[in-house]
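Engineer: Line by line, the protein sequences give chains A and B.
So the first sequence is numbered by the working numbering: it starts at 613 and just counts up by one.
So the second sequence is numbered by the working numbering: it starts at 613 and just counts up by one.
Protein chains: 2
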Amino acid sequence: LDRRTVFFLSDRTGITVDVFGNSLLSQFDELEFHRVYIPYIDSEEKLADAIERIEEAAEEEHHPPLVFSTLVNSGLRKQLRHANCHVYDLFDTFMHAMEMDLKTRAARAVGRTHGIRNLAEYERRVDSMNFTLNYDDGAKLRDLGQAEVILIGVSRSGKTPTCLYLSLQYGIYAANYPLTPDDLDHKGLPAVLLPHRERMVGLTILPERLYRVRQARRPDSQYASLETCRREVRQAEELYQRTGVPMINSSSLSIEEIATEILHKMHLRRHNL
Amino acid sequence: LDRRTVFFLSDRTGITVDVFGNSLLSQFDELEFHRVYIPYIDSEEKLADAIERIEEAAEEEHHPPLVFSTLVNSGLRKQLRHANCHVYDLFDTFMHAMEMDLKTRAARAVGRTHGIRNLAEYERRVDSMNFTLNYDDGAKLRDLGQAEVILIGVSRSGKTPTCLYLSLQYGIYAANYPLTPDDLDHKGLPAVLLPHRERMVGLTILPERLYRVRQARRPDSQYASLETCRREVRQAEELYQRTGVPMINSSSLSIEEIATEILHKMHLRRHNL
Numbered sequence: 613l614d615r616r617t618v619f620f621l622s623d624r625t626g627i628t629v630d631v632f633g634n635s636l637l638s639q640f641d642e643l644e645f646h647r648v649y650i651p652y653i654d655s656e657e658k659l660a661d662a663i664e665r666i667e668e669a670a671e672e673e674h675h676p677p678l679v680f681s682t683l684v685n686s687g688l689r690k691q692l693r694h695a696n697c698h699v700y701d702l703f704d705t706f707m708h709a710m711e712m713d714l715k716t717r718a719a720r721a722v723g724r725t726h727g728i729r730n731l732a733e734y735e736r737r738v739d740s741m742n743f744t745l746n747y748d749d750g751a752k753l754r755d756l757g758q759a760e761v762i763l764i765g766v767s768r769s770g771k772t773p774t775c776l777y778l779s780l781q782y783g784i785y786a787a788n789y790p791l792t793p794d795d796l797d798h799k800g801l802p803a804v805l806l807p808h809r810e811r812m813v814g815l816t817i818l819p820e821r822l823y824r825v826r827q828a829r830r831p832d833s834q835y836a837s838l839e840t841c842r843r844e845v846r847q848a849e850e851l852y853q854r855t856g857v858p859m860i861n862s863s864s865l866s867i868e869e870i871a872t873e874i875l876h877k878m879h880l881r882r883h884n885l
Numbered sequence: 613l614d615r616r617t618v619f620f621l622s623d624r625t626g627i628t629v630d631v632f633g634n635s636l637l638s639q640f641d642e643l644e645f646h647r648v649y650i651p652y653i654d655s656e657e658k659l660a661d662a663i664e665r666i667e668e669a670a671e672e673e674h675h676p677p678l679v680f681s682t683l684v685n686s687g688l689r690k691q692l693r694h695a696n697c698h699v700y701d702l703f704d705t706f707m708h709a710m711e712m713d714l715k716t717r718a719a720r721a722v723g724r725t726h727g728i729r730n731l732a733e734y735e736r737r738v739d740s741m742n743f744t745l746n747y748d749d750g751a752k753l754r755d756l757g758q759a760e761v762i763l764i765g766v767s768r769s770g771k772t773p774t775c776l777y778l779s780l781q782y783g784i785y786a787a788n789y790p791l792t793p794d795d796l797d798h799k800g801l802p803a804v805l806l807p808h809r810e811r812m813v814g815l816t817i818l819p820e821r822l823y824r825v826r827q828a829r830r831p832d833s834q835y836a837s838l839e840t841c842r843r844e845v846r847q848a849e850e851l852y853q854r855t856g857v858p859m860i861n862s863s864s865l866s867i868e869e870i871a872t873e874i875l876h877k878m879h880l881r882r883h884n885l
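1. Can you give me the Cβ contacts of residue 801 of chain B inside the same chain, cut-off strictly under 6 Å, excluding the 5 residues immediately before and after it?
2. Short check: CB of residue 616 of chain B to CB of residue 643 of chain B, under 9 Å?
3. If you follow the beta strand (DSSP E) that residue 816 of chain A is in, where does it begin and where does it stop?
4. What first and last residue would you give for the alpha helix (DSSP H) that runs through residue 630 of chain A?
5. Under 8 Å Cβ to Cβ from residue 811 of chain B, same chain only, skipping five residues before and after it: list those, please.
6. Please list, in chain order, the residues of the segment 746 to 779 of chain A that have any C-beta partner in chain B closer than 7 Å.
7. Any idea what DSSP makes of residue 642 of chain B, helix, strand or coil?
8. Would you please verify whether the beta carbon of residue 639 of chain B is less than 9 Å from any beta carbon of chain A?
9. Between the Cα of residue 739 of chain A and the Cα atoms of B/840, B/871, B/882, B/867, which residue gives the shortest distance?
10. What is the C-beta distance between residue 679 of chain A and residue 697 of chain A, in whole angstroms, given that I count them as a contact (C-beta under 8 Å)?
11. With a cut-off of 9 Å, does the C-beta of residue 860 of chain B fall near any C-beta of chain A?
12. With which residues is residue 859 of chain A paired in a DSSP beta bridge?
13. Quick one: measure Cβ to Cβ for residue 629 of chain B and residue 681 of chain B, integer angstroms, because I've assumed they're closer than 8 Å.
14. Output needed in chain order: residues of the segment 821 to 842 of chain A with a Cβ under 7 Å from some Cβ in chain B.
15. Indicate whether residue 610 of chain B and residue 770 of chain B have their beta-carbon atoms separated by less than 9 Å.
16. For residue 835 of chain B, which three-state DSSP category applies?
17. What does DSSP give as the partner residue(s) for residue 790 of chain B in the beta ladder?
18. Identify whether residue 885 of chain A lies in helix, strand or coil by the three-state DSSP scheme.
19. Tell me the rounded alpha-carbon separation between residue 659 of chain B and residue 816 of chain A.
20. Of the residues B/710, B/654, B/705, B/708, which one's Cα is nearest the Cα of residue 687 of chain B?
21. Should residue 746 of chain A go down as buried or exposed, given a rule of 16 or more other Cβ atoms within 10 Å for buried?
22. What residues are listed by DSSP as bridge partners for residue 886 of chain A?
23. Can you list, in chain order, the residues of the segment 702 to 721 of chain B whose Cβ is nearer than 8 Å to any Cβ on chain A?
24. When you compare the CB of residue 867 of chain B with every CB in chain A, is at least one pair closer than 9 Å?
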């Protein structure tokens, strides 16, 4: 495999340049990339340090490295253009066209994307996270009326990470309820959930995947046996079908994919923008 | 304020196009944007539906709307170009230059960016989240040796959301320890933390901001009084200084900014890429 160094330069957190660069790199799977993240480049000195590292990489690899940049300061961007590298710059590329299309001048201010833009929205995000933590694993069951979505599923089917992602990323009040073997044998929705059916999503998972996850947690237990995993998954899926709860199979999905599919399916409004 | 509709089109989760489009829009603060997210556009029919909504918006606003796109399928992208809108397309824009620079053809495959690329890395992320939940608010204190970073700070200074973000986004094992009034009066680091000083970060916050957060939680309590907030913050900052624990002021920072500053300050390796 051919190995190339890729730099991610930004003046603040580097979250935008991370997503920007990696979404493009993901299309080149025949190469191996060595990723170097350099955030908080907010002065000529810091850029000079970064350029030194870029030049070193160019010399070592006998290739100009790739450089993704979201530097807002146009003076810094100009300096970067003289370095021995291929620059892909988000602002250089799109800002001018957007100014023309919107007939407005861009602010060119640093730290706009992932800073606090709106305190109320920000607080909502922390509130929804606290809500999610309080309603994790059915801990508190009164007041589920506040939940925008309630994930149900057997133990270790991915409810908690998905709920936390929904609250942290999108400010969604997400509760979760674990379907216990008793719930599953009872064959109906637990009474406490009945009033909330239209806000519920059922997670399911391949029994083999569940087995692996449970084995790592409680090896050789009844709980982690393949037989138990198979039975619980089958019972849960039957329950979703019988009660009309929409189902998402988390086996081959990332947390982000499960979360966005829930947003989409349940027509939830994201609160962070 | 002039209002413009902006569409975010993607073939999968829409996370990339969200970050891509909003980082650019954040530079145009004199306009008001109405954002429409349309993920999972994976067929000509779904794109035709999206184009219909775009054309309707163009007619209503007497302006062609802005359209950010991360559609990988070039047939769909071609179709989009005939709609009455300004298209900013991540792949159209950069893919060809990258192919030239890397001397390789891009895969042009859908769902690469936020899917599960590597199961081991994915499991680490869930593991680190479980670790973080277990070590929230100093709940379990044995085995802090496993923590890559330990956030300390007074109650409600932002430890929990930051830890959860670090684990969910970057797969970092992040523990947190709340400094109680007793800890603060004692004027030294709690004994349980002493072996881990080089992995600790102290969060601080403006007393007025802390007051607001605590009032929302327990109005008119001693805990939430401005006097208590001022004293605890002062004592915590003195403790950080005395013990050489690096300090981050969370008052004007978003969760993302606090998290990335910690990564940067503590030279932590992110695990999700």
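The beta carbon of each residue, even a glycine, is placed where N, CA and C say it ideally should be.
Structural biologist: Taking the structure as given:
1. 855
2. yes
3. 812 to 816
4. 627 to 637
5. 759, 760, 761, 762, 878
6. 773, 776, 777
7. coil
8. yes
9. B/867
10. 5 Å
11. no
12. A/814
13. 7 Å
14. none
15. No statement about residue 610 of chain B is possible, as the shown extent of chain B runs from 613 to 885 and does not include it.
16. coil
17. B/765
18. For residue 885 of chain A, the predicted model reports a pLDDT of 44, less than 50, meaning its position is unreliable; a value from the coordinates is still stated below. DSSP places residue 885 of chain A in coil when its eight states are reduced to three.
19. 29 Å
20. B/654
21. exposed
22. Residue 886 of chain A falls outside the range modelled here, since chain A spans only 613 to 885, and no answer is possible.
23. 702, 703, 705, 706, 707, 709, 710, 713, 714, 716, 718, 719, 720, 721
24. yes
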